[in-house]
Amino acid sequence: MITFEEMGISKNVIDAVKEIGFDNPMPIQAKVIPHLMKDDFEDLIALAQTGTGKTAAYGIPIIERTNPSLNKIQFLILSPTRELCLQISDDLASFAKYNPQIKIAAVFGGSSIERQIEKIRKGVHIISATPGRLVDLINRRIVNLDSLKILVLDEADEMLSMGFRDDLELILEKTPKQKNTLLFSATMPFEVASITKKYMNKPVEISIGKRNAGAENVEHICYFVNHKERYLALKRIVDYNPDIYGIVFCKTRKETQEVADQLMKDGYNADALHGDLSQAQRDIVMNKFRIKHLQLLVATDVAARGLDVENLTHIINYNLPEELEIYTHRSGRTGRAGRKGISIAIVGPKEKSKIPQIEKQLNKKFSLMPVPSGKEICERQLLHLIDRVEKVEVDYSQIDPLLPDIFRKLEWLDREELIKKFVSVEFNRFLDYYKKAADLFSPQEYKKTGKEKGTASGFTRFFINLGRTDDLRPNSLMGLVNEFTGINNIEIGKIELLKNFSFFEVDSDFADTILKAFKDKSYKKRKIVLETATSKGKAEKPDREVKFKDRRKTREDVFGKNSKRKPYKMEKREFNQGKKKNFEKCKKEWKR
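Numbering (the numbering used here), first residue to last: 52 to 643.
Shown next as structure tokens:
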């Protein structure tokens, strides 16, 4: 393995880097730094997960290449969030600890723009920025990029997924052609590839691991549950892993806060991180989590982008993300620096189809596990408690003065009874909670749902008299459910759109609500008929005998019982009496 000294890095930077804890280069640093230390190097695409040491991979060469005597912006690093922007700025400042003449500025939204302008006007060599705020400063003519040597796009895939493409293109157009562009990304979706083709000049590609693949040290576990049981499943997963230190990812800010509030109410050491918090609130939460004053952080993907925390044991996907690449980002936060990590997916019936897609992308299989039972949780907690007792360090100087009173108080208990009582002090709360708790949805039960069982467990199947001929689509059907009920979070299962009618499944808790809501409603001027359906797909209708009266004339009616007249001649005479235009049609019918 190549060393920092062998890369040609100056002593000042090596001393600063080693103080941070980088004794030897990480794999991405060993590949990227030598490339960037060359006098004339090519543009670079580096594919690597978050937490692999990529900031140092480009940051160390940037510090080495900075000319302090040139009081202009020489290097620009763009990142998707203010948290990551600040973190990059802090890391660069650490690398430049023994080069105090190098000036670094962080430029991001949600903070005083006047202070940022003041700092830039005093002169900076390196800017770490978010795209939106930088565009603002470019438009104000505060930032001039004419002297730029290197542009770094850090977490490019995330910037594009957050909608920064227009801002990125505006910034790229403002940079000089004679510069180098470095792109760092965990994945390579189409949008990132299009940026590289348009704005990079014959880039060299370096990859740590496979394209769009997850971290090697991460185990992926899947729990299938009904939508309404997700929170109960989350609690059991956390209780089953007493030493958990992880992030719970949710889709929306509202759900993030609700889950965090419920966890705190239930006695868990948790808090929320999302965009509705002020910058000061977010800083407090992130600092508490970094120093392990929080065991669980419930977060949205965007809010957690700048949070770089080591030693995470678990990532829990409370919802699976819409974009598969985001799952790679999430799971890549654990299993770093050679440690093992676990990424857990709590999957509802609607999300089941995403699992094979993620497996294909990761080139790894999920372990399908049943949600831990109450008995399993109690056993796990008991063993964890015993392990803690066995390994605890006793401060004899503090406890010795109290021992005589303790011995006197407990002398009537024998050894076994004393152990049982000490264990029960901590263990009883789990035992009381779980001893009567029913098991949650198991994978075996899950497999019996759908086609084999008819309707998924916890869902009610409905017949509706609208189909493809009515221009009904899955999204329009879901829109009708939301509109008529006034509820936006009803879980909808399988939808079968047929030509003239359809079937769909909804959470059974809302079955009566939906029946009432669809009563006397119309869709595109057609009255809606909605009924509960059997598992085989037929609507359940009242049993009734339907009789049809055949109004067609028989031969006897027309010609008489003993008539020998040919039918079509009599028909001709009849139709001559006002119905001549239908004669030929009637004649053909009689011939058949």
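Where is the CB? At the ideal position from N, CA and C, for every residue including glycine.
- If you compare alpha carbons, which of 148, 105, 393 and 183 is closest to residue 164? If you number the sequence shown from 1, residue 164 lands on position 113. Relative to residue 164, the option among 148, 105, 393 and 183 whose CA is nearest is 183.
- Looking at the structure shown, is residue 588 part of a helix, part of a strand, or coil, going by DSSP? Position 537 of the sequence shown, counted from the start, is the residue given in the question as residue 588. Summary for residue 588: the model assigns pLDDT 49, below 50, so the residue's position carries little reliability; its value from the coordinates is reported in the next sentence. In this structure, residue 588 counts as coil in the three-state DSSP scheme.
- Kindly indicate the opening and closing residues of the alpha helix (DSSP H) around residue 406. Here residue 406 is taken as the residue at index 355 of the sequence shown, counted from 1. Here the alpha helix (DSSP H) through residue 406 covers 405 to 413.
- Message: Tell me which residues share the same chain as residue 255 and place their Cβ nearer than 6 Å to its Cβ, disregarding the 5 neighbours each side in the sequence.
- Response: In the sequence shown, residue 255 corresponds to position 204, counting from 1. Taken in chain order, the residues that qualify are 93 and 95.
- Task: Would you mind working out which of 195, 160 and 190 sits nearest residue 648, comparing C-alpha positions?
- Result: Residue coverage of the chain in this structure runs from 52 to 643, which leaves residue 648 outside it and unanswerable.
- Item | residue 470 to residue 441 span [Cα, whole Å] | Counting from one through the sequence shown, the residue named residue 470 turns up at place 419. Counting from one through the sequence shown, the residue named residue 441 turns up at place 390. One C-alpha to the other measures close to 12 Å.
- Message: Within 8 Å, do at least three Cβ pairs link the region 131 to 149 to the region 302 to 318?
- Response: no
- Item | Residue from 454, 532, 431 and 116 with nearest C-alpha to residue 295 | Start at 1 with the first residue of the sequence shown, and residue 295 comes out as number 244. Out of 454, 532, 431 and 116, 431 has the C-alpha closest to the C-alpha of residue 295.
- With DSSP as the reference, please indicate the residues paired to residue 231 in a beta bridge. Position 180 of the sequence shown, counted from the start, is the residue given in the question as residue 231. DSSP, once it has assigned bridges, lists 201 as partnering residue 231.
- Task: In the DSSP assignment, find the unbroken alpha helix (DSSP H) run with residue 459 in it and report its ends.
- Result: Locating residue 459 in the sequence shown gives position 408, counting from the first residue. Taken as a continuous stretch (DSSP letters only), the alpha helix (DSSP H) holding residue 459 covers 454 to 461.
- Message: Please list the terminal residues of the continuous alpha helix (DSSP H) segment that includes residue 446.
- Response: Position 395 of the sequence shown holds residue 446. Residue 446 -> no alpha helix (DSSP H), and no H or E assigned at all.
- Does the region 122 to 137 touch the region 352 to 363, meaning 3 or more C-beta pairs lie closer than 8 Å? yes
- Backbone secondary structure at residue 176 - three-state DSSP: Numbered from its first residue, the sequence shown carries residue 176 at position 125. In the structure shown, residue 176 sits in coil (DSSP, three-state: anything other than H, G, I, E or B).
- Query: Leaving out the 5 sequence neighbours to the left and right, which residues in its chain are closer than 8 Å to residue 56 when beta-carbon positions are compared?
  - Reply: Start at 1 with the first residue of the sequence shown, and residue 56 comes out as number 5. 65.
- Message: Taking the straight line between their C-alpha atoms, what separation do you get for residue 178 and residue 445?
- Response: Start at 1 with the first residue of the sequence shown, and residue 178 comes out as number 127. Start at 1 with the first residue of the sequence shown, and residue 445 comes out as number 394. The straight-line gap from Cα to Cα measures roughly 50 Å.
- Leaving out five residues before and five after residue 150 in sequence, what residues of the same chain have Cβ atoms less than 6 Å from its Cβ? Sequence index remark: in the sequence shown, residue 150 carries index 99 (1-based). Taken in chain order, the residues that qualify are 63.
- Return helix, strand or coil for residue 321, following the three-state DSSP convention. The sequence position of residue 321 within the sequence shown is 270, counting from 1. DSSP, reduced to helix, strand and coil, places residue 321 within a strand of the structure shown.
- For the beta strand (DSSP E) that contains residue 274, what are its first and last residues? By 1-based counting over the sequence shown, the position of residue 274 is 223. Looking at the DSSP string, the run of the beta strand (DSSP E) that includes residue 274 is 269 to 275.
- Task: Go to residue 398, then tell me how far its beta strand (DSSP E) extends in each direction, as first and last residue.
- Result: Locating residue 398 in the sequence shown gives position 347, counting from the first residue. Here the beta strand (DSSP E) through residue 398 covers 392 to 398.
- Among 457, 429, 458 and 447, which residue has its Cα nearest to the Cα of residue 475? Counting from 1 along the sequence shown, the entry for residue 475 is found at position 424. That would be 429, whose Cα lies nearest to the Cα of residue 475.
- Inter-residue spacing [alpha-carbon to alpha-carbon] between residue 521 and residue 240: In the sequence shown, counting from the first residue as 1, residue 521 sits at position 470. In the sequence shown, counting from the first residue as 1, residue 240 sits at position 189. Approximately 37 Å, taken between the alpha carbons.
- Query: So is residue 448 buried or exposed if we call it buried at 16+ other beta carbons inside 10 Å?
  - Reply: Numbered from its first residue, the sequence shown carries residue 448 at position 397. Exposed is the call here.
- Thinking just about the alpha-carbon of each residue, which of 114, 406 and 543 is nearest to the one in residue 558? Sequence index remark: in the sequence shown, residue 558 carries index 507 (1-based). Answer by Cα proximity: 543.
- Exposed or buried, what is residue 104 when buried is set at 16 or more other beta-carbons lying within 10 Å of its beta-carbon? Here residue 104 refers to the residue found at position 53 when the sequence shown is read from its first residue. Classification for residue 104: buried.
- Buried or exposed: where does residue 77 fall if 16 or more other Cβ atoms within 10 Å of its Cβ makes it buried? Start at 1 with the first residue of the sequence shown, and residue 77 comes out as number 26. Counting Cβ neighbours within 10 Å, residue 77 comes out buried, since at least 16 surround it.
- Message: Using a 10 Å radius around the Cβ and a threshold of 16 neighbouring Cβ atoms, would you call residue 292 buried or exposed?
- Response: Here residue 292 corresponds to residue number 241 of the sequence shown, with the count starting at 1. It is buried - the Cβ of residue 292 has at least 16 other Cβ atoms within 10 Å.
- Do residue 399 and residue 281 have their CB atoms nearer than 8 Å? Taking the sequence shown and counting its residues from 1, one reaches residue 399 at position 348. Taking the sequence shown and counting its residues from 1, one reaches residue 281 at position 230. Against a cut-off of 8 Å, the Cβ pair of residue 281 and residue 399 comes out as a contact.
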